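Going by numbering that gives the first Met the number 0, the sequence shown opens with residue 0, and the numbers climb by one from there.
Each residue gets a CB set at the ideal place from its N, CA and C atoms; glycine is no exception.
None of these values were measured; they are calculated from a predicted model.
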Amino acid sequence: MQYSPDIRIIRIMCTGRIDPFMILDAFLCGVDGVLILGCKDGECHYVTGNMEAKNKIGMTSRLLKIIGIDQNRIYFGQLSSAEGTRFVELVENFTKRIKEIGALGTEIKEDKEELKFRLEAAKAAVEGEKLRWVIGKKTEFMGIGNKYGEMFTRHEMDRFLDGLIMDEVAVREIQLLLQERPLSVKQISERLKIPSNRVLRYIAGLRRKGVVDMERVDGTSPLYRQL
């Protein structure tokens, strides 16, 4: 088989073993796109592998959109082990798509440090318990319901997930900023372009968890630091 030399292949036993932090790690290492290929539905030895992969990749794609990176930099495809021609076709089409989008970070028009900052916050968010728990329960919530018997439509689940991702990324960005130096709510708000009332809510939550505390008061503004 002949395909683009731009592709680097990493073999895993099942797409269900893909973790969102692996995808974000790849972007932090400088790749411009991540192509994930799995077996066809019904041919999976692990039964639920593809479903788990779709949920994780879908969540990661939504996360990329929230931090300003083109969602098309991730693609999930399916094929059987005998479809060599189909494999080459998927690889070539994906390579063409990435070349059209451009180098990683082109879409946010920011310097490399800002790109790294956003990706590190996103990676920290997907490593946290909250997002991991929700994405693990997504199929159950849509098919069986929660412990109260309430079932969620795909639209409801996606809307909830978007809000949760936005909150988790913002919290991680705040923590990264406070690791560097103490800042006020206003300074964080201006840096992240988030309304001050939201920043204050995030800070209050972090203080309750004992990971952030007030350093000192500068004039009339409390300055907070990461513990």
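Item	Value
Any chance you could list the beta strand (DSSP E) runs of at least 3 consecutive residues sitting entirely within the stretch 48-132, in chain order?	73-77
Are Ile-100 and Arg-72 close, meaning C-beta to C-beta below 8 angstroms?	yes
Please go through the same chain and pick out, in chain order, the residues whose beta-carbon is closer than 7 angstroms to the beta-carbon of Ile-93, but skip the five residues on each side of it.	Note on residue identity: the sequence assigns Phe, not Ile, to residue 93. The residues are Gly-32, Leu-34, Tyr-74.
Does Ala-102 pass the burial test, meaning 16 or more other C-beta atoms within 10 Å, or should it be called exposed?	exposed
Taking 8 angstroms as the limit between beta carbons, can you name the residues of its chain near Asp-161, skipping five residues before and five after?	Arg-61, Ile-65
As a quick exercise: from His-154, Glu-139, Gly-204, pick the residue whose alpha carbon is nearest that of Tyr-147.	Glu-139
Go through the stretch 139-221 residue by residue and report every complete run of the beta strand (DSSP E) that reaches 3 residues or more, in order.	211-217
Give a single yes or no on whether Ala-121 has its beta carbon closer than 7 angstroms to a heavy atom of the ligand COA.	Summarising the ligand content, the structure contains no ligands, and the ligand COA is consequently not present.
Please classify Asp-248 as buried or exposed, where buried requires at least 16 other C-beta atoms within 10 Å of its C-beta.	Residue 248 is absent from the structure shown; the chain starts at 0 and stops at 226.
Hey, how far is the Cα of Arg-207 from the Cα of Lys-137?	28 angstroms
Taking the alpha carbon of Lys-129 as the point to measure from, which residue in Ile-143, Leu-163, Glu-106, Phe-151 has its own alpha carbon closest?	Leu-163
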